[in-house]
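Q: Let me give you the structure first, and then I'll get to my questions.
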Ligand code: BTN
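Residue numbers (the numbering used here): 183 to 504.
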């Protein structure tokens, strides 16, 4: 590990107090000059570090730079050894995960995290605006045959949405809602989107891997987003919460939602936080627009709506608006 990385690890583990240059030097068996140089190169990378001649070094409270050490420090012990890949900038964490599936021997539950995406992707071929330094862009790589039973692909996104909702609720006092299938809303605005993609074996038609991408507007200035999403987009804007902390909580909740929680429990939480149930929704079918009352979400994750004439219709995917 590079000197600056060892220093960063120490600073992340001691966020609430100063560590003296001497203590760092002794503990890491390095010279005071090496510590000073390491701290400077971290500052050049954008870490905000307070230095005091008497007290030493400390990460500034305002430092919200994502780092693997900062994430790992906030993870529960059982998850501390998962693989986390961090990128300052990448086209898309989902696209990068796909590339890595061909070139690397990825572990199940590898997480990719980026500070910026230059070609972030949303559902239906849409772009996902991913400005630098203010959002969370992350992807999980799962090999479904290892642990869980994939009965319906929509349920993957539903489990992921429940994980994000639980994470936000645990870390803030806010009450997020889920707009079927994959959007998380806060105070009527979209703050998070989820894109799940599967890679299946052509011959056996078996799903080999799943990539679940999550994009959150954390402290995002809405005017920095693509024009076409500004009207519906919002941002979490939670004071005293760091991106590393929320990323870690999402990882913890994602693990629970995929490996520990029964489908019934997942669907209950999903429905309890639904943004659509009980509302009149509009949707498109065979190039025609319809209005209907959203009445339920069934066990496969489909949205059940009641048409004006009383007909019950099951929607398995698609854009629905209120
Ligand atoms: C949507 O709103 O339609 C889904 C948006 C999903 C965005 C996330 S950000 C991390 C991952 N990488 C991507 O390119 N997309 C997903």
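Think of the CB as a built atom: it goes at the ideal place given N, C-alpha and C, for glycine as much as any other residue. None of the values given here were measured: they were computed from a predicted structure.
Below 8 Å, can you find three or more Cβ-Cβ pairs linking the stretch 209-228 to the stretch 183-195?
A: In short, these stretches touch, since the Cβ pair count reaches three.
Q: Going by beta carbon distance, what residues of the same chain come within less than 6 Å of residue 435, once the five residues before and after it are set aside?
A: To locate residue 435, count along the chain shown from 1; it is residue 253. If we look at residue 435 and ignore the five residues flanking it on each side, its Cβ neighbours are 345, 348, 349.
Q: Closest to residue 366 by CA distance: which of 246, 397, 295 is it?
A: Within the chain shown, residue 366 is the residue found at index 184, counting from 1. Cα-wise, what sits closest to residue 366 is 397.
Q: Would you mind reading off the limits of the beta strand (DSSP E) that contains residue 481?
A: As a working mapping, residue 481 is identified with position 299 in the chain shown. Here residue 481 belongs to no beta strand (DSSP E), and DSSP marks it neither H nor E.
Q: Quick one: what's got a C-beta closer than 6 Å to residue 502's C-beta in the same chain, skipping five residues either side?
A: Residue numbering aside, residue 502 sits at position 320 when the chain shown is read from its first letter. 463, 465, listed in sequence order.
Q: Do the CB positions of residue 273 and residue 301 come within less than 8 Å of each other?
A: For this step, residue 273 is matched to residue 91 along the chain shown. For this step, residue 301 is matched to residue 119 along the chain shown. Yes, the Cβ-Cβ distance between residue 273 and residue 301 is below 8 Å.
Q: Suppose you measure from the CA of residue 486 to the CA of residue 229; what does that come to, to the nearest Å?
A: By one-based count along the chain shown, residue 486 stands at place 304. By one-based count along the chain shown, residue 229 stands at place 47. Spanning the two alpha carbons is a distance of roughly 48 Å.
Q: Should residue 310 be counted as a contact of the ligand BTN given a C-beta to heavy atom distance under 7 Å?
A: In the chain shown, the residue the question calls residue 310 occupies position 128. Yes - the ligand BTN has a heavy atom lying nearer than 7 Å to the Cβ of residue 310.
Q: How about residue 315: is its Cβ closer than 7 Å to a heavy atom in the ligand BTN?
A: Taking the first residue of the chain shown as position 1, residue 315 is located at position 133. No, the Cβ of residue 315 stays beyond 7 Å of every heavy atom of the ligand BTN.
Q: May I ask whether a heavy atom of the ligand BTN can be found less than 7 Å away from the beta carbon of residue 425?
A: By one-based count along the chain shown, residue 425 stands at place 243. Every heavy atom of the ligand BTN is 7 Å or more from the Cβ of residue 425, so no.
Q: Quick one: is residue 263 buried, meaning 16 or more other Cβ sit within 10 Å of its Cβ, or exposed?
A: By one-based count along the chain shown, residue 263 stands at place 81. Flag for residue 263 reads exposed.
Q: State the start and end residues of the unbroken alpha helix (DSSP H) segment that holds residue 172.
A: Any question about residue 172 goes unanswered here, given that the chain covers just 183 to 504.
Q: Does the separation of the CB atoms of residue 480 and residue 497 fall below 8 Å?
A: Walking along the chain shown from the start, residue 480 turns up at place 298. Walking along the chain shown from the start, residue 497 turns up at place 315. Not a contact, by the Cβ cut-off of 8 Å.
Q: Run through the stretch 208-245 for me and flag every whole beta strand (DSSP E) of 3 or more residues, listed as ranges in chain order.
A: Segments of the beta strand (DSSP E) lying fully in the stretch 208-245: 231-234, 238-241.
Q: Given a threshold of 16 other Cβ atoms within 10 Å of its Cβ, counted over all protein chains shown, does residue 307 qualify as buried or as exposed?
A: Working through the chain shown from its first residue, we reach residue 307 at position 125. That one is exposed.
Q: Between residue 191 and residue 256, what straight-line distance do the alpha-carbon atoms span, to the nearest angstrom?
A: Along the chain shown, read from residue 1 onward, the residue named residue 191 stands at position 9. Along the chain shown, read from residue 1 onward, the residue named residue 256 stands at position 74. Distance between the alpha carbons of residue 191 and residue 256: 12 Å.
Q: In the DSSP assignment, find the beta strand (DSSP E) that holds residue 294 and state where it starts and stops.
A: Here residue 294 refers to the residue found at position 112 of the chain shown. Here the beta strand (DSSP E) through residue 294 covers 292-296.
Q: Who does residue 300 pair with in a DSSP beta bridge?
A: Translated into the one-based positions of the chain shown, residue 300 becomes position 118. Its beta-bridge partners do not exist; DSSP assigns none.
Q: Using the three-state DSSP reduction, which class does residue 206 fall into: helix, strand or coil?
A: Taking the chain shown and counting its residues from 1, one reaches residue 206 at position 24. Correct three-state label for residue 206: helix.
Q: Can you give, in chain order, each stretch of the beta strand (DSSP E) that sits fully within the stretch 316-371 and has at least 3 residues?
A: Counting whole runs of 3 or more residues, the stretch 316-371 contains the beta strand (DSSP E) stretches 317-324, 359-361, 365-368.
Q: Would the stretch 292-299 count as touching the stretch 309-320 if we require 3 or more Cβ pairs under 8 Å?
A: The stretch 292-299, when compared against the stretch 309-320, does touch it at the 8 Å Cβ threshold.
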